[in-house]
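Residue numbers (our numbering): 2 to 398.
By construction, the Cβ of each residue, glycine as well, lies at the ideal position given by its N, Cα and C atoms.
Read through the structure below, which is laid out as structure tokens, and then see the notes.
So this is what it looks like as structure tokens:
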């Protein structure tokens, strides 16, 4: 079979995958067993399939005419030099859906503007267009960071955008795991910061992971996370817990990240529901709330409808161990003073601790173990409901 192959319309238009197109098809042979189908069509017939694919056909006639001029100018200023074709039929260039998408209103707009294009200094302008700006357009360098500056593709206010249903969008909530995958974070995602372009849109995003940092462009992040544009802010809510249990009666500072928000609320899980603990104002995107829970508990940060993952803060009872000088037993006290906590006295044997006696606490949290005590080093371990195990300081006799 000799390539290229040509397919011309007969009684009906040429069609691909059940969709009809104006003009003809040219089939090109690519490497291996692949082929490329190119729709060979005149510019304005092409625009008949573009304008209603990029703008609702029911919009005002003047808006459709403006879209036709923009689409015509874009097509002429973005012709591809290689590959045997001029334009992609999707968002890499312009969406082109062929005959089924054509409409009398958009065909009329194409006809009424025939031959009209936008020029800048004697050349057809690159007329990028968009659905919604969020209130300010992007410069060409916001979208294509390596592009040279183009005087007519600069960021300007767009007050008319407020009528768009997508003028404001979000917030979108992502778990640290999902966001880390989207940002290609090295290791577990710990923090996210953005770098803004002069227009205010996100130029780049820096993801800090447990194994280093990764930087992505705002456009890449938009695509990876399915966002509507690069006009976004990243708010991070994360809370870290102490690495060791707190001793009952002591306080500890939790490490928190709160970026993109002016204030957050620390909440504690109490009796099956979240209760407010304190209001916090981030400084440099960081908060360090101090907590003094009465028993092991869970905490989280909340900003509006968004909440961080909850973290567990373990609390161990405070316990003191005493041995009388006569070595006639052990006694001590546990705080908080509750009955029924299990106290185990242990004796050091090399690097290990071996249990030598066990008893339950009284209502006041006290315990007594009458017995002969041999010289050595001892400690007491307490286990109580709702607490992490607690240890006394070693006592040597």
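Nearest Cα to residue 351 within the set 338, 378, 97: 378.
Residue ranges of uninterrupted beta strand (DSSP E) with 3 or more members, entirely inside the segment 284-363 and ordered along the chain, are 298-304, 312-314, 319-323, 330-336, 343-350, 353-361.
Straight-line spacing of the CA atoms in residue 30 and residue 260 works out to 52 Å.
Per DSSP, the unbroken beta strand (DSSP E) holding residue 192 starts and ends at 190-197. Bridge pairing for residue 214: 209 [DSSP].
Boundaries of the alpha helix (DSSP H) harbouring residue 142: 141-144, taken from the DSSP string. Residue 239 and residue 395 have their C-alpha atoms some 37 Å from each other. Taking residue 269 as the centre and dropping the five residues before and after it, the same chain places the C-beta of 276, 278, 298, 300 closer than 6 Å to its C-beta, in chain order.
Straight through space, the alpha carbons of residue 235 and residue 247 are spaced by roughly 33 Å. Cβ contact annotation for residue 252 (same chain, cutoff 8 Å, sequence separation greater than five): 291, 292, 293, in chain order.
In summary, residue 2 is exposed, with fewer than 16 beta-carbon neighbours lying within 10 Å of its beta-carbon over all protein chains present. Between residue 138 and residue 74, the gap from beta carbon to beta carbon reaches 8 Å or more.
Closest option to residue 179, judged by alpha-carbon separation, among 397, 189, 311: 189. Using a Cβ distance threshold of 8 Å, residue 342 and residue 308 do not count as a contacting pair. With respect to the C-alpha of residue 68, the residue from 305, 112, 34, 83 having the closest C-alpha is 112. Closest in alpha carbon position to residue 153, among 160, 99, 140, is 140. For residue 39, the closest alpha carbon among the candidates 50, 49, 24 is that of 24. A straight-line Cα-Cα distance of about 35 Å links residue 380 and residue 273. Scanning 310, 32, 361 for the CA closest to the CA of residue 4 turns up 32. Leaving aside the five residues that flank residue 241 on each side, the residues in its chain whose CB is nearer than 6 Å to its CB run, in chain order, 256. Between residue 335 and residue 383 a beta carbon distance of about 5 Å is seen, short of the 8 Å cut, so the two are scored as contacting. Listed in chain order, the non-local C-beta contacts of residue 101 below 7 Å within the same chain comprise 20, 21, local neighbours out to five positions each way being set aside.
Taking residue 160 as the centre and dropping the five residues before and after it, the same chain places the C-beta of 136 closer than 8 Å to its C-beta, in chain order. The three-state reading of DSSP puts residue 370 in strand, counting E and B together.
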